[in-house]
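Student: For the sequence shown, our numbering begins at 75 and goes up steadily by one.
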Amino acid sequence: MAAELTAPELIAKHRPTLDQALEAIRTRAYWSPHPEHPKAYGEHGSLDAAAGKAAFDALLGTRLDLGQAGTDDWVGGEISPYGIELGVSYPHADLDVLLPAMKAGQPAWRDVGAEVRAVVCLEILKRISDRTHEFAHAVMHTSGQAFLMAFQAGGPHAQDRGLEAVAYAYAEQVRTPESAEWSKPQGKRDPLVLTKNFTPVPRGIGLVIGCNTFPTWNGYPGLFASLATGNAVLVKPHPRAVLPLALTVRIAREVLTEAGFAADLVALAAERPGEGIAKALATRPEIRIIDYTGSTSFGDWLEANARQAQVYTEKAGVNTVIVHSTDDYKGMLSNLAFSLSLYSGQMCTTPQNLLIPREGILTDQGPKTFDEVTADIARAVDGLLGDDARANALLGAIVNPDVKARLEAAAGLGEVALASREISNPEFPGAVVRTPVIVKLDGAKPDAEAAYMSECFGPVSFAVALDSVTDAVELLRRTVREKGAMTVGAYTTDSEVERAIEEVCLEEAAQLSFNLTGGVFVNQTAAFSDFHGSGGNPAANAALCDGAFVANRFRVVEVRHQG
75 MAAELTAPEL IAKHRPTLDQ ALEAIRTRAY WSPHPEHPKA YGEHGSLDAA
125 AGKAAFDALL GTRLDLGQAG TDDWVGGEIS PYGIELGVSY PHADLDVLLP
175 AMKAGQPAWR DVGAEVRAVV CLEILKRISD RTHEFAHAVM HTSGQAFLMA
225 FQAGGPHAQD RGLEAVAYAY AEQVRTPESA EWSKPQGKRD PLVLTKNFTP
275 VPRGIGLVIG CNTFPTWNGY PGLFASLATG NAVLVKPHPR AVLPLALTVR
325 IAREVLTEAG FAADLVALAA ERPGEGIAKA LATRPEIRII DYTGSTSFGD
375 WLEANARQAQ VYTEKAGVNT VIVHSTDDYK GMLSNLAFSL SLYSGQMCTT
425 PQNLLIPREG ILTDQGPKTF DEVTADIARA VDGLLGDDAR ANALLGAIVN
475 PDVKARLEAA AGLGEVALAS REISNPEFPG AVVRTPVIVK LDGAKPDAEA
525 AYMSECFGPV SFAVALDSVT DAVELLRRTV REKGAMTVGA YTTDSEVERA
575 IEEVCLEEAA QLSFNLTGGV FVNQTAAFSD FHGSGGNPAA NAALCDGAFV
625 ANRFRVVEVR HQG
């Protein structure tokens with residue numbers, strides 16, 4: 075059957091977007107082709123709010139048949155953090171059938187070249203973008219994010235990260251020319267002449283191990299980086315967050331088929347309750363690339379045991395903010411309050427440790443003691459979340475019982491500066507919604523170290539009193555070196571302190587933000603401009619996205635012809 079989407083048509087449609095993405099990663103300036111506002115959708119084939127909600131509702135209680143090879147059962151069981159059962163069932167794969175089928179599609183996908191692969195990926199992303207409202211509900215009801223955050227982070231921001239990965243993948247593949255005429259002079263003799271052809275070849279099947287909290291945002295970079303470099307991709311979602319990635323796989327398979335390629339180049343590996351297929355999958359010889367977001371323990375296991383694969387991990391860290399001085403105390407408090415509250419702290423970038431000199435800080439409102447700063451941060455959080463409707467819109471829902479247990483246990487670790495409170499959600503009575511807890515710790519006491527040197531994922535923060543800013547900088551260094559950090563923040567008006575903090579982050583490879591007091595927050599990053607993670611500290615062995623994230627997903631094979 076002839077392809078419904080021809081290469082020239084796809085190139086004409088998507089090459090301008092690819093070129094803009096390439097320019098954006100070069101300049102690091104702001105750019106996004108994916109609208110952030112829900113009202114921007116509803117034209118040119120995209121679903122508006124009502125149609126997106128209807129499409130999501132129509133999925134509930136259905137079987138999502140992807141038509142992929144080797145289906146031997148149907149599995150499901152997702153329950154929304156907002157308390158509703160999704161009732162969607164997904165294909166369970168016989169891997170001995172599915173993996174060979176995936177591999178069989180790679181030669182044609184390899185041979186078509188980097189540009190066609192890139193524009194096919196962009197067509198997949200365009201169709202996902204058109205259904206952003208549907209995806210927003212799917213992300214919301216698997217991650218517990220509030221709707222607007224699920225819309226933006228699970229929609230346009232995730233799509234931006236996927237497109238960014240395609241751009242980096244394309245740039246790395248075309249760095250080497252497709253062919254070269256090589257002629258070496260031999261003096262009076264005829265020159266040595268060779269025709270050399272260079273082909274990017276895929277490593278093999280890529281495995282994307284999805285996470286519960288950001289299934290698309292964290293899943294798309296690896297998925298599209300591997301696909302754009304010629305690899306087939308098997309998506310293994312988190313058991314509690316299957317739907318957003320299953321929809322992604324379905325759209326990818328539709329586009330690949332229409333473009334004349336094997337649908338099984340992208341497939342889903344859903345699992346039975348308690349089956350735990352990730353370890354068995356990760357060590358199969360067919361799996362040559364792994365992208366993983368999740369716990370440090372399993373990330374470390376993958377790095378140590380999946381020796382046949384190139385492994386990219388985003389694990390856990392202890393994110394730190396040093397509070398030394400500020401010329402905008404009110405702005406600092408407001409910014410920190412939002413950063414601590416957004417999505418109930420269930421982000422790998424949320425600050426955990428607030429390091430504050432024991433003698434206090436200098437501000438535009440005069441000196442503030444440690445206790446005053448801590449109390450003011452607590453009041454800022456309390457004020458931000460004082461209205462229950464606004465609190466629900468910021469906090470979302472607690473994603474799983476482990477987060478709730480950590481939140482409840484944190485109050486026993488020290489003096490509570492801000493107690494967590496329960497908030498009801500009138501629309502979803504089954505949602506577990508809690509405000510953050512802030513606990514004061516004395517950094518000089520050994521028993522406090524166990525708390526502030528361990529990641530406490532969720533809405534838990536520690537205000538740590540230290541003897542000096544020098545001690546804070548050294549604790550920052552130790553924390554990043556030993557535990558890793560996805561983000562570091564600092565507030566200071568002292569240029570020497572600023573240089574000392576920056577030097578630590580340069581030496582320990584941690585992404586750093588200074589003096590954020592407006593609408594940019596330490597736990598947010600922008601695709602095409604900001605690097606998410608660095609790959610240089612224990613929190614992650616890769617950055618989203620840079621050349622290193624894509625370059626080792628393929629190798630260049632040279633074929634030489636004489637004459």
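For glycine and all other residues, C-beta sits at the position ideal for the given N, C-alpha and C.
If you compare alpha carbons, which of N611, L79, I99 is closest to T387?
Tutor: The residue given as residue 387 occupies position 313 in the sequence shown. Of the candidates N611, L79, I99, the one whose C-alpha sits nearest the C-alpha of T387 is N611.
Student: Using the Cα positions of E548 and S399, report the straight-line distance between them to the nearest angstrom.
Tutor: For the purposes of this step, residue 548 is taken as residue 474 along the sequence shown, with counting starting at 1. For the purposes of this step, residue 399 is taken as residue 325 along the sequence shown, with counting starting at 1. One C-alpha to the other measures close to 17 Å.
Student: Does the pairing of the stretch 360-368 with the stretch 330-343 give three or more beta-carbon distances under 8 Å?
Tutor: Verdict: no, contact absent.
Student: Using alpha carbons as the reference points, say which of T599, L79, D146 lies closest to A40.
Tutor: For residue 40 there is no data in the structure shown, the boundaries of the chain being 75 and 637.
Student: Between S651 and F595, how many whole angstroms is the CB-CB distance? I'm expecting something under 8 Å.
Tutor: The displayed coordinates of the chain run from 75 to 637. Any statement about residue 651 would go beyond what the structure contains.
Student: Can you confirm whether the stretch 133-152 touches the stretch 227-241 when touching is taken to mean that 3 or more C-beta pairs between the two stretches lie within less than 8 Å?
Tutor: The stretch 227-241 is not in contact with the stretch 133-152.
Student: Would you list the residues sitting across from P276 in a DSSP beta bridge?
Tutor: Sequence index remark: in the sequence shown, residue 276 carries index 202 (1-based). Answer is F628.
Student: Per DSSP, which one or two residues make a beta bridge with Y244?
Tutor: Counting from one through the sequence shown, the residue named residue 244 turns up at place 170. None, per the DSSP bridge assignment.
Student: Measure the alpha-carbon distance for W375 versus T322 and round it to whole angstroms.
Tutor: As a working note, residue 375 is residue 301 in the sequence shown. As a working note, residue 322 is residue 248 in the sequence shown. Straight-line Cα distance between these residues: approximately 27 Å.
Student: In whole angstroms, give me the CA-to-CA distance for T331 and A123.
Tutor: Numbered from its first residue, the sequence shown carries residue 331 at position 257. Numbered from its first residue, the sequence shown carries residue 123 at position 49. Straight-line Cα distance between these residues: approximately 28 Å.
Student: Exposed or buried, K389, counting other C-beta atoms within 10 Å across all chains shown (16 or more means buried)?
Tutor: Here residue 389 corresponds to residue number 315 of the sequence shown, with the count starting at 1. Buried, by the Cβ-count rule.
Student: Identify the continuous alpha helix (DSSP H) that holds V571 and give its terminal residues.
Tutor: For the purposes of this step, residue 571 is identified with residue 497 of the sequence shown, where counting begins at 1. From DSSP, the alpha helix (DSSP H) with V571 extends over 569-582.
Student: Could you tell me the alpha carbon to alpha carbon distance between M75 and S120, rounded to whole angstroms?
Tutor: By 1-based counting over the sequence shown, the position of residue 75 is 1. By 1-based counting over the sequence shown, the position of residue 120 is 46. With a pLDDT of 47 at M75, under the threshold of 50, the modelled position of that residue is not reliable, and the figure given next carries that caveat. C-alpha separation (whole angstroms): 28 Å.
Student: Put T424 into one of helix, strand or coil per three-state DSSP.
Tutor: Within the sequence shown, the letter at position 350 stands for residue 424. DSSP places T424 in coil when its eight states are reduced to three.
Student: Please give me, in chain order, every unbroken run of the alpha helix (DSSP H) with length at least 4 that falls completely inside the stretch 263-313.
Tutor: Entirely contained in the stretch 263-313, the alpha helix (DSSP H) runs reaching 4 residues are, in chain order, 294-302.
Student: Say whether the stretch 288-295 touches the stretch 266-279, bearing in mind that this needs 3 or more beta-carbon pairs closer than 8 Å, one atom from each stretch.
Tutor: Touching, no.
Student: Jot down the residue ranges of each uninterrupted beta strand (DSSP E) in the stretch 449-519, minimum 3 residues, whole runs only, in chain order.
Tutor: Counting only runs of 3 or more, we get 489-492, 511-516.
Student: When you compare the CB positions of F602 and I99, do they come within less than 7 Å of one another, or not?
Tutor: Here residue 602 corresponds to residue number 528 of the sequence shown, with the count starting at 1. Here residue 99 corresponds to residue number 25 of the sequence shown, with the count starting at 1. Going by C-beta atoms, F602 is nearer than 7 Å to I99.
Student: Quick check on this structure: which residue in F531, P431, I435 has the alpha carbon closest to the alpha carbon of K478?
Tutor: In the sequence shown, the residue the question calls residue 478 occupies position 404. K478 has its Cα closest to that of F531, out of F531, P431, I435.
Student: Looking only at its own chain, which residues have a Cβ that is under 7 Å from the Cβ of A617, when we skip the five neighbours before and after it?
Tutor: As a working mapping, residue 617 is identified with position 543 in the sequence shown. Same-chain partners within the cutoff: F605, H606, G607, S608, G609, F623.
Student: Which of the three DSSP states is assigned to I351 in this structure?
Tutor: Within the sequence shown, numbered from 1, the residue matching residue 351 stands at position 277. The answer is coil: DSSP assigns I351 none of H, G, I, E or B.
Student: Which same chain residues, not among the five before or five after P347, have their C-beta less than 8 Å away from its C-beta?
Tutor: Translated into positions along the sequence shown, residue 347 becomes position 273. V149, G151, P313.
Student: Please identify the residue among A559, P155, L317 whose C-alpha is closest to the C-alpha of T424.
Tutor: Numbered from 1 along the sequence shown, position 350 holds the residue referred to as residue 424. Out of A559, P155, L317, A559 has the C-alpha closest to the C-alpha of T424.
Student: If we ignore side chains and look at the alpha-carbon of each, how far apart do D620 and N626 end up?
Tutor: Here residue 620 is taken as the residue at index 546 of the sequence shown, counted from 1. Here residue 626 is taken as the residue at index 552 of the sequence shown, counted from 1. About 11 Å.
Student: Taking only runs that begin and end inside the stretch 109-135, name each unbroken alpha helix (DSSP H) of 4 or more residues, in chain order.
Tutor: As far as the stretch 109-135 is concerned, its whole alpha helix (DSSP H) runs of at least 4 residues are 123-133.
Student: Report yes if the C-beta distance between Y565 and M421 is below 7 Å; otherwise report no.
Tutor: By one-based count along the sequence shown, residue 565 stands at place 491. By one-based count along the sequence shown, residue 421 stands at place 347. No.
Student: Does the CB of S408 have a neighbour CB from chain B at under 7 Å?
Tutor: The structure shown contains no chain B, having only a single protein chain.
Student: How far does the beta strand (DSSP E) with F588 in it reach, from first residue to last?
Tutor: The residue you call residue 588 lines up with position 514 of the sequence shown. Start and end: 586-588.
Student: Starting from the C-beta of I85, find all residues in its chain whose C-beta is less than 6 Å away, skip the five residues before and the five after it, and write them out in chain order.
Tutor: Against the sequence shown, residue 85 aligns to sequence position 11. Answer for I85: V193, listed in chain order.
Student: Would you give the residue range spanned by the beta strand (DSSP E) that D365 belongs to?
Tutor: On the sequence shown, position 291 is the one that residue 365 refers to. Element bounds for D365: 361-367.
Student: CB L134 to CB Y164, shorter than 7 Å?
Tutor: In the sequence shown, residue 134 corresponds to position 60, counting from 1. In the sequence shown, residue 164 corresponds to position 90, counting from 1. No, the pair does not count as a contact, with Cβ atoms beyond the cut-off.
Student: Please state the DSSP three-state secondary structure of K557.
Tutor: On the sequence shown, position 483 is the one that residue 557 refers to. Residue state, collapsed to three classes: helix.
Student: What is the C-beta distance between H215 and P112, in whole angstroms, given that I count them as a contact (C-beta under 8 Å)?
Tutor: By one-based count along the sequence shown, residue 215 stands at place 141. By one-based count along the sequence shown, residue 112 stands at place 38. Actually they are not in contact, since the Cβ atoms of H215 and P112 sit about 17 Å apart, beyond 8 Å.
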